[in-house]
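**Q** I'd like to ask you about the structure that follows.
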Amino acid sequence: MDGSSRWVLHLDMDAFFASVEQLARPTLRGRPVLVGGAGGRGVVAGASYEARVFGARSAMPMHQARAMVGVTAVVLPPRGVVYSEASRRVFAEVREVIPVIEQLSLDEAFGEPVELRGATGREVAEFCASLRDRVRERTGLEASVGAGPGKQVAKIASGMAKPRGHRVIEPAEQLEVLAPLPVRKLWGIGPVAEQRLRATGITTIGELAAISADEAGRLLGSAVGGALHELARGIDNRPVTERAVAKQVSAETTFARDLINRGEVRSAITATGIAAHRRLERDGRGARTVTVKLRRADMSIQSRSTTLAHATSDKDILLGAAHKLAVDPATFGAIRLVGVSYSGLSDSRQEILFPELDASPPLEEAPDVALPARYESDYWPGLDVHHPEHGHGWVQGCGQGVITVRFETRTTGPGPARTFPLAAHALAPADPLASLDWEPLPAAVEQH
């Protein structure tokens, strides 16, 4: 493959989860939105650009993000089924322009348009702008598009284009662009590899490119060192291909010191389970089976699984199931590795009104379960509801004997807020997809 003549594009949706919420709930447009868990261990899954100006970002503890944003923050629970549908819409439009795409997650994908082979940088820029405009006009969502002679450079370019932009990195300039970037920007360089390189004085991509391939192999391992060295030198001939649907998502952690008590195992399952859950959120499906993998100090492995009644993407429920599979090192033996995987993946997820009944208890001793006040009426902030007179809406607040609902969808514009007594409100939980108010996609599109 002639690397000088190919153009790879990387489309990355801007603040996807929060942007979808702002699309479906017009009152939130222009407001700092935080999507994620609101509990004590809640983590930000997505932050709007209005929230990011305060320093809030994904993977940050929710309490920290709320403190940064202040009283104007709007905190919403994730609605995976809504993000999955928005993703299908976005990439259905992309496939109209680029039939073969390699979708990495709900909000990003690679493409290699055949009509751009041998094109000039200006022609590629026009194509990227047109693709970005098409997505915005057809879905109401913003994307950034990067282009380069390979996947690595295209992905870096889309990051430079954010938000709502496009960036083309031409073959002649790619080494100049790559050289000053930190090595963590390279695909496959994680914290351990970064630290290993830093210990030898290598902190930038250019410095990694300057060493020999043999030295890169010694530092990073013979299996991947050579490939990473080539990426640092701008050599990236990996093709764009359709990805197989994942059967599971997982995460593993190997500890420098063996875990020898129940509290350490429980903390390890929590941290590893959260890491796996982030991948599940990016996948966009729910999981029905939870598996905990444990490796003893003697290298023997035991896996324990449990299957839920319904597929779910609720983090606390999945963590709760994982914790029920924990063992006591006093009888099991010292543990050096903990893995958590979620399988039985499905687009169909059962909404659970009382997720805290199955959720993981605190790290200390688990108390008897009691419903928190915000669930006393089966309604909580962010829940989709329907009223026979006012139509579709979402709960803004509930307490003091009343419930406040904002009635709006993607197509209505900002809607009115109405307050009802909890004792007589005529509300019922509704399908979250009604907030998008889209016609079903054609069957041919659904097959992708």
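Heads up, the sequence shown is in full-length UniProt numbering, so the first residue is 1 and it goes up one at a time. Yeah, the Cβ is synthetic: ideal placement off N, Cα and C, and Gly gets one too.
Taking Pro429 and Leu383 to be in contact with their CB atoms under 8 Å, please state how far apart those CB atoms are, rounded to whole angstroms.
**A** With 8 Å as the limit, Pro429 and Leu383 qualify as a contact, their Cβ atoms being about 6 Å apart.
**Q** With DSSP run on the structure shown, which of helix, strand or coil describes Met60?
**A** Coil at Met60, not helix or strand.
**Q** With a threshold of 8 Å, are at least 3 pairs of Cβ atoms found where one atom belongs to the stretch 132-140 and the other to the stretch 305-314?
**A** With the cut-off at 8 Å, the stretch 132-140 and the stretch 305-314 do not touch.
**Q** Taking 8 Å as the cut-off, does the stretch 49-64 touch the stretch 394-402 (at least 3 CB pairs, one atom from each stretch)?
**A** In short, these stretches do not touch, since the Cβ pair count stays below three.
**Q** Can you find the residues in the same chain that come closer than 6 Å, C-beta to C-beta, to Ile189, ignoring five residues on each side of it along the sequence?
**A** Within the same chain, Ile189 has close Cβ partners Val183.
**Q** Helix or strand or just coil, what does DSSP make of Ser84?
**A** Three-state result, Ser84: helix.
**Q** What would DSSP say about Glu351, mapped onto helix, strand or coil?
**A** For Glu351, the pLDDT reaches just 41, beneath the cut-off of 50, and the residue's location in the model is therefore unreliable, although a value from the coordinates is still provided. Looking at Glu351 - three-state DSSP - the assignment turns out to be coil, as it is neither helix nor strand.
**Q** Take the Cβ of Ser222 as the centre, count every other Cβ of all protein chains shown within 10 Å, and call the residue buried at 16 or more, exposed below.
**A** The residue in question, Ser222, is exposed, as its Cβ has fewer than 16 Cβ neighbours within 10 Å.
**Q** Flag this pair as touching only if the stretch 115-127 and the stretch 262-269 have three or more C-beta atom pairs under 8 Å; answer yes or no.
**A** With a cut-off of 8 Å, the stretch 262-269 and the stretch 115-127 do not count as touching, because too few Cβ pairs lie within range.
**Q** Have a look at Arg25, Glu21 and Ser19 and flag the residue whose alpha-carbon is nearest the alpha-carbon of Thr409.
**A** Of the candidates Arg25, Glu21 and Ser19, the one whose C-alpha sits nearest the C-alpha of Thr409 is Arg25.
**Q** Taking only three categories from DSSP, how would you classify Leu175?
**A** Correct three-state label for Leu175: helix.
**Q** Return the chain-ordered list of same chain residues with a C-beta closer than 8 Å to the C-beta of Ala59, the five sequence neighbours on each side being excluded.
**A** Here the set comprises Val43, Val44 and Arg278.
**Q** Can you tell me which residues form a DSSP beta bridge with Ile101?
**A** Gly111.
**Q** Write down every uninterrupted run of the alpha helix (DSSP H) in the stretch 259-326 whose length is 4 residues or greater and which is fully enclosed by it, in chain order.
**A** Counting only runs of 4 or more, we get 262-283 and 315-323.
**Q** Please state whether the Cβ-Cβ distance between Gly111 and Val90 is less than 9 Å.
**A** Result no, Cβ atoms of Gly111 and Val90 do not sit closer than 9 Å.
**Q** Tell me whether Thr139 is buried or exposed, calling it buried when 16 or more other Cβ atoms sit within 10 Å of its Cβ.
**A** The residue in question, Thr139, is buried, as its Cβ has 16 or more Cβ neighbours within 10 Å.
**Q** Spatial neighbours of Val177 within its chain, please: C-beta separation below 6 Å, excluding the five flanking residues on both sides.
**A** Taken in chain order, the residues that qualify are Ile169.
**Q** At what residues does the beta strand (DSSP E) containing Asp214 begin and finish?
**A** Premise fails: Asp214 lies in the alpha helix (DSSP H), Ala213 to Leu220, not in any beta strand (DSSP E).
**Q** With a threshold of 8 Å on Cβ separation, who are the neighbours of Pro388 within its own chain once the five nearest residues in sequence on each side are excluded?
**A** These residues qualify, in order along the chain: Ala426.
**Q** How do the stretch 237-249 and the stretch 206-223 stand: do at least 3 beta-carbon pairs fall below 8 Å, yes or no?
**A** Segments in contact, no.
**Q** Give the single residue among Thr27, Phe17, Gln195 and Leu23 whose Cα lies nearest to the Cα of Gly36.
**A** When each option's Cα is compared against that of Gly36, the closest is Phe17.
**Q** Suppose you measure from the CA of Arg295 to the CA of Ala73; what does that come to, to the nearest Å?
**A** Taking the straight line from one Cα to the other gives about 42 Å.
**Q** Let me know if Ala424 comes out buried or exposed under the rule of 16 or more other beta-carbons within 10 Å of its beta-carbon.
**A** So Ala424 counts as exposed.
**Q** Please state whether DSSP places Tyr342 in a helix, a strand or coil.
**A** In this structure, Tyr342 counts as strand in the three-state DSSP scheme.
**Q** Do you know whose CA, among Val71, Val385, Pro163 and Ser87, lies nearest Ser48's CA?
**A** When each option's Cα is compared against that of Ser48, the closest is Pro163.
**Q** Can you list, in chain order, the residues of its chain with a C-beta nearer than 7 Å to that of Gly284? Leave out the 5 residues immediately preceding and following it.
**A** Excluding positions up to five away in sequence, the list reads Gly80, Tyr83, Ser84, Ser87 and Leu106.
**Q** How should Gly146 be labelled, buried or exposed, when 16 other C-beta atoms within 10 angstroms of its C-beta is the threshold for buried?
**A** Gly146 is buried by the Cβ-count criterion.
**Q** Compute the Euclidean distance between the alpha carbons of Val224 and Phe255, then round it to the nearest angstrom.
**A** Those two C-alpha atoms are separated by around 22 Å.
**Q** Hey, how far is the Cα of Arg29 from the Cα of Gln22?
**A** Approximately 5 Å, taken between the alpha carbons.
**Q** Kindly indicate which three-state DSSP category Gln248 falls into: helix, strand or coil?
**A** Looking at Gln248 - three-state DSSP - the assignment turns out to be strand.
**Q** Taking buried to mean at least 16 other C-beta atoms within 10 Å of its own C-beta, is Asp437 buried or exposed?
**A** The residue in question, Asp437, is exposed, as its Cβ has fewer than 16 Cβ neighbours within 10 Å.
**Q** Once DSSP output is grouped into helix, strand and coil, what is the label at Gln400?
**A** Coil at Gln400, not helix or strand.
**Q** With a Cβ-Cβ cutoff of 9 Å, do Ala172 and Asp14 count as a contact?
**A** No, these two residues do not count as a Cβ contact at 9 Å.
**Q** Mapping DSSP to helix, strand and coil, what is Pro432?
**A** Three-state result, Pro432: helix.
**Q** According to the neighbour-count rule (16 or more other Cβ atoms, all chains shown, within 10 Å of its Cβ), is Thr200 buried or exposed?
**A** Label assigned to Thr200: exposed.
**Q** Thinking just about the alpha-carbon of each residue, which of Asp298, Met299, Ser313 and Arg282 is nearest to the one in Val290?
**A** For Val290, the nearest C-alpha among the options comes from Ser313.
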